[in-house]
Amino acid sequence: MFAYIARRIVYVIPIVISVALVCFLLVHITPGDPLVAVLPADASQELAAQLRTAYGFDRPLPVQFGLWLWRALHGDLGSSIATGRPVLTEVLRAVGNTVTLAIAAALIGFTLGLMFGLIAGYFRDTWIDKVATSIAIAGVSVPHYWLGMVMVIIFSVQLNWLPAVGAGPGGSGAWGWDWEHMKYLILPAITTSVIPMGIVTRTVRALTGDILSQDFVEALRAKGLRELDVFRHVIKNAAPTALAVMGLQLGYMLGGSILIETVFSWPGSGLLLNSAIFQRDLPLLQGTILVLALFFVALNLLVDIAQAAIDPRIKRG
Amino acid sequence: MRNDRSKKAATAWLLATALVVGLPQLASAETVLRIGMTAADIPRTLGQPDQGFEGNRFTGLTMYDGLTMWDLSSRDKASVMIPGLATEWKVDDADKKKWTFKLRPGVKFHDGSDFNADAVVWNVEKVLKQDAPHFDASQVGVTASRMPTLASARKIDDMTVELTTKEPDSFLPINLTNLFMASPAKWKAFYDKAEGADAKAKSQAAWAAFARDASGTGPWKMSKFTPRERLELVKNEGYWDKGRVPKVDRMVLLPMPEANARTAALLSGQVDWVEAPAPDAVKEIKARGFQLQANESPHVWPWQFSRIEGSPWNDIRVRKAANLCIDREGLKEGLLAGLMVPATGTFEPGHPWRGKPTFEIKYDLKAAQKLMQEAGYGPNKKLTVKTQTSASGSGQMQPLPMNEYLQQALAECYFDVQLDVIEWNTLFTNWRRGAKDPTANGANATNVTYAAMDPFFALVRFLQSSMAPPVSNNWGFINNPKFDELVTKARQTFDPAARDAALAELHAASVDDAAFLYVAHDVSPRAMSPKVKGFVQPKSWFVDFSPVSMAP
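Protein chains in written order, with this note's numbering: chain A, 171 to 487; chain B, 568 to 1119.
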């Protein structure tokens, strides 16, 4: 197991360097001025050139990349051009808020997904299956942006039950797991949960159906095991794949959903990315993408290790 | 008798309880105004805000003052410059590059330190003197371009300061509305506490700390700041202008970049005021009893013409024809739900810099067609013109549908309009590079909106030949000796009334020359709860939050 983990970690290193290179290049090759955040719209080209030199944007790209990577390896992602605040502080605060949202959404999405998936799998080709499958398809098909707006219109604007935007009465700086704060989380969390819910439902349904049709289930039943015990075996066999799917979905959610966080003004990494793109704040954009990519890579690694721990065949492979 | 006594005792006890419970609540019943901004982040709070004039509106003019200020008290009259932290100023008769400003006595920063000449010099140096310990490159961009001729500041005595410009420039007092006075004492306290490898690092740390706990002289004081989420300001009871001490106790500013989210927050009662509500929600906002405030802004939605060799816009008949070919009322009522003012120049009648143009910009299809025919075009010989624009952007209103409307309208006058739609920031960059640059991509017009608050921004940077790229925003390389002469005249006329007259002359000349395709002025729509009282929407990008009160 140790060798497997070590091997997986070694594989991650080139991925991380490639991610760093790609995110550095992507934001540099796009047209436009990197100093948009500090220059007024109508600043002269002379002033822009003067500040470009001050910020080091006039240096050759490889030099800029080398310096950036060196500082990043030392935990310094630079300062936001727009606010002057350290990028790492900005990103970590935002990621913290996204983690809060992702955990809530994961709990909702995975619980419902498992439930619908198992029900659909057990009652395959019945009306129950059709209802559960329709919900799953709707979950992955409905545009998040639209669903979020509909939820806001119904529950905030019309019924006035839940807040439309924000992260709490005092912002996320004063976050607490009480009703006053939780009510800000409900609508974005439900909206975020629908895709993982749909995907998990479909995966678990397929797995359940497949496992139930296998001979060992018949054998278990023939041996006189109670249906609850058979169900436990089904869960155990479906778990590794479902876990992988859940891990990936959690990764996507931690990556932040720009649209959902923008619709609900939820101060997470998605909104931060949106803001960095909008202000063309290159250090913030690069830092955010890098941190999110690292999160994603780390999560994949954890999922792989967890899968290997559950299913020894994977480790051997 | 005994019964009476016990009744009285019970009543007294109840009253006492009510007083004990109720009075603190009454005493602490603070009034709060919650505003949803269009910004994605709180504009910088250290004195020179970012995010354009929305930044100045919310974290500039609230917490800070300039030597000169805007009079934002009238809905009907153009907003004009008035004394701020300077009570009077004059230019040196012998050397027109030197200005003396008399400072307002008795003004204190929020931290209790005195506002004086040292503070003014310190604030000029924060953006101009590169070797000053408090020089901050991040504040230069949003300052230097707004007062391009300011060179230095010198203390004469505690209440008098001398400012020097690179060339004689009568616009300086107007430009100074953008230089906000931050507290040197507060910054120094942060600097002394800051840790850093060198003076530069300490300076940066001090500015970062200052941004979290700012100190100006404005009517609002910083109370609570959560980056990217909220800024809370409380009223400055000791504000020097007693007439502008805020009526509400606390103002909460919330960044909400998405128009529908802002609108929903208003309709659900989460905020009391939103900037730029979603246009298609205007009907519902009004139907639910919310107020919609709008007024003509000093803001122009134009096409800026290329005047380089070979440009079709070099023929004045073609420029005039385009200006006569647009049904601006139709655009206003049909596409923009009334949220625009038809433009007949950079300034509209009533503005001190309007002047008396002889060319009347209006919708006159026949006259436009006639001009085009005189220029050699017709139904069988269309003139192809190409315009760069963006799909969105700050102040751009609804650029795509508006340009498509123009495309359709100009087709009636034998124009074949091609649109080159690019990303907003790229459009800006290209704007600085000018019509001769390859990034213009063959376009002979560009569609970038502009603020018209001061003479440099409204006229000079577009019309003066020396403002062509890379110096400034004369994108189309206009080179008209008359404009140059009038710019010099306006710049070097130091009597305010005479300077306004010179600017009016310059504006009239630009309209007569059909320098731009003038289309619309924005109206800065904002929607608010019926509880919001006392707000006056001036003809300005800026607003005064001081007179706003909240009904219970």
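Beta carbons: idealized from backbone N, C-alpha and C, even for Gly.
Backbone secondary structure at residue i - three-state DSSP
i, result
"A/Thr-347", "As written in the sequence, residue 347 of chain A is Trp, which differs from the Thr given in the question. Correct three-state label for A/Trp-347: coil."
"A/Pro-256", "strand"
"A/Leu-442", "helix"
"A/Met-171", "coil"
"B/Trp-870", "strand"
"A/Trp-436", "coil"
"B/Ala-1087", "strand"
"B/Thr-913", "coil"
"B/Phe-620", "helix"
"B/Gln-592", "With a pLDDT of 47 at B/Gln-592, under the threshold of 50, the modelled position of this residue cannot be trusted; read the value that follows with caution. Of the three classes helix, strand and coil, the one that applies to B/Gln-592 here is helix, per DSSP."
"B/Tyr-1017", "strand"
"A/Thr-361", "helix"
"B/Pro-822", "strand"
"B/Met-532", "Nothing about residue 532 of chain B can be read from this structure; chain B reaches only from 568 to 1119."
"B/Gln-955", "strand"
"B/Val-801", "strand"
"A/Pro-184", "helix"
"B/Trp-666", "strand"
"A/Val-261", "helix"
"B/Trp-1108", "coil"
"A/Glu-397", "helix"
"B/Ala-1025", "helix"
Bounding residues of the beta strand (DSSP E) (the contiguous stretch that carries residue i)
i, result
"B/Gly-603", "599–604"
"B/Glu-876", "That residue, B/Glu-876, is in no beta strand (DSSP E); it is neither H nor E in DSSP."
"B/Val-1124", "Lying before the first or after the last residue shown, residue 1124 of chain B is absent from chain B, which here runs from 568 to 1119."
"A/Thr-223", "Careful: A/Thr-223 lies outside any beta strand (DSSP E), inside the alpha helix (DSSP H) at 215–225."
"B/Lys-655", "A small fix is needed here, since residue 655 of chain B is Glu in this sequence, not Lys. First-last of the beta strand (DSSP E) with B/Glu-655: 653–658."
"B/Arg-921", "That residue, B/Arg-921, is in no beta strand (DSSP E); it is neither H nor E in DSSP."
"B/Phe-792", "787–793"
Closer than 8 Å at the beta carbon, the chain A residues around residue i
i, result
"B/Pro-794", "Thr-253, Arg-255, Glu-260 and Arg-263"
"B/Asp-608", "Ala-252, Thr-253, Ser-445 and Gln-449"
"B/Arg-999", "Asp-203, Ala-213, Ser-214, Gln-215 and Ala-218"
Within chain B, the residues that residue i reaches when beta carbons sit closer than 8 Å
i, result
"A/Ile-323", "Ala-831"
"A/Arg-450", "Asn-992"
First and last residue of the uninterrupted alpha helix (DSSP H) at residue i
i, result
"B/Gln-975", "966–978"
"B/Ile-649", "No alpha helix (DSSP H) holds B/Ile-649; the beta strand (DSSP E) holding it covers 648–650."
"A/Ser-304", "297–311"
"B/Lys-1049", "1048–1058"
"B/Asn-751", "Position check: residue 751 of chain B holds Pro in this sequence, whereas Asn was assumed. Its alpha helix (DSSP H) spans residues 751–760."
"A/Leu-454", "452–480"
"B/Trp-998", "991–1000"
"A/Leu-243", "231–243"
Partners in chain B for residue i, counting only beta-carbon separations shorter than 9 Å
i, result
"A/Pro-333", "Ala-832, Ser-835 and Gln-837"
"A/Met-319", "Asn-827, Ala-828 and Ala-831"
Amino acids of chain B, ordered along the chain, whose beta-carbon sits closer than 7 Å to that of residue i
i, result
"A/Leu-443", "Per Cβ cutoff of 7 Å: no residues; A/Leu-443 is ~11 Å from chain B at best."
"A/Glu-216", "Pro-1037 and Val-1038"
Where residue i meets chain A, residues with beta-carbon distance less than 9 Å
i, result
"B/Arg-797", "Gly-336, Gly-340, Gly-341 and Gly-343"
"B/Pro-1137", "Residue 1137 of chain B is absent from the model: chain B starts at 568 and stops at 1119."
Inset, instruction - Give, in chain order, every residue of the region 339–364 of chain A whose Cβ lies closer than 9 Å to some Cβ of chain B. - result: Gly-340, Gly-341, Ser-342, Gly-343 and Ala-344
Inset, instruction - Decide yes or no for the touch test of the region 228–247 of chain A against the region 397–404 of chain A: beta carbon pairs closer than 8 Å, at least 3 of them. - result: no
Legend entry - Members of the region 363–385 of chain A that neighbour chain B once the beta carbon cut-off is set at 8 Å: none
Legend entry - Given 8 Å, three or more beta-carbon pairs between the region 1041–1059 of chain B and the region 836–849 of chain B: no
Inset, instruction - Spell out a yes or no on whether the region 948–958 of chain B and the region 922–931 of chain B are touching, meaning 3 or more CB-CB pairs, one atom from each, closer than 8 Å. - result: no
Inset, instruction - Determine, using beta-carbon pairs with one atom in the region 250–265 of chain A and one in the region 710–722 of chain B, whether at least three such pairs fall under 8 Å. - result: no
Legend entry - Proximal residues, the region 764–778 of chain B versus chain A, C-beta separation under 8 Å: Gln-771, Trp-774, Ala-775 and Ala-778
Legend entry - Proximal residues, the region 807–822 of chain B versus chain A, C-beta separation under 9 Å: Leu-821 and Pro-822
Inset, instruction - Answer yes if the region 883–902 of chain B comes into contact with the region 929–942 of chain B, meaning at least three C-beta pairs across the two stretches below 8 Å, and no otherwise. - result: yes
Inset, instruction - Return the residues of the region 407–429 of chain A that lie within a Cβ-Cβ distance of less than 8 Å from chain B, sorted by chain order. - result: none
Inset, instruction - Decide if the region 865–872 of chain B is in contact with the region 1013–1025 of chain B; the criterion is three or more beta carbon pairs, one per stretch, under 8 Å apart. - result: yes
Inset, instruction - Could you run through the region 605–634 of chain B and flag, in chain order, every residue whose CB is less than 7 Å away from some CB of chain A? - result: Ala-607, Asp-608, Arg-611, Asp-617 and Gly-619
Inset, instruction - Answer yes if the region 1090–1102 of chain B comes into contact with the region 1003–1012 of chain B, meaning at least three C-beta pairs across the two stretches below 8 Å, and no otherwise. - result: no
Inset, instruction - Take every Cβ of the region 747–756 of chain B, pair it with every Cβ of the region 674–685 of chain B, and state whether three or more of those distances are shorter than 8 Å. - result: yes
Inset, instruction - May I ask you to list, following chain order, the residues of the region 222–236 of chain A that have a beta carbon less than 9 Å from some beta carbon of chain B? - result: Ala-224 and Tyr-225
Inset, instruction - Evaluate contact between the region 453–467 of chain A and the region 188–199 of chain A, counting only Cβ atoms and requiring at least three cross-stretch pairs below 8 Å. - result: yes
Legend entry - Residues from the region 712–742 of chain B in contact with chain A, defined by Cβ distance under 9 Å: Ser-712, Arg-713 and Pro-715
Legend entry - Within 9 Å of chain A by C-beta, residues of the region 853–887 of chain B in sequence order: none
Inset, instruction - Could you tell me whether the region 361–380 of chain A touches the region 852–868 of chain B, using the rule of 3 or more Cβ pairs below 8 Å? - result: no
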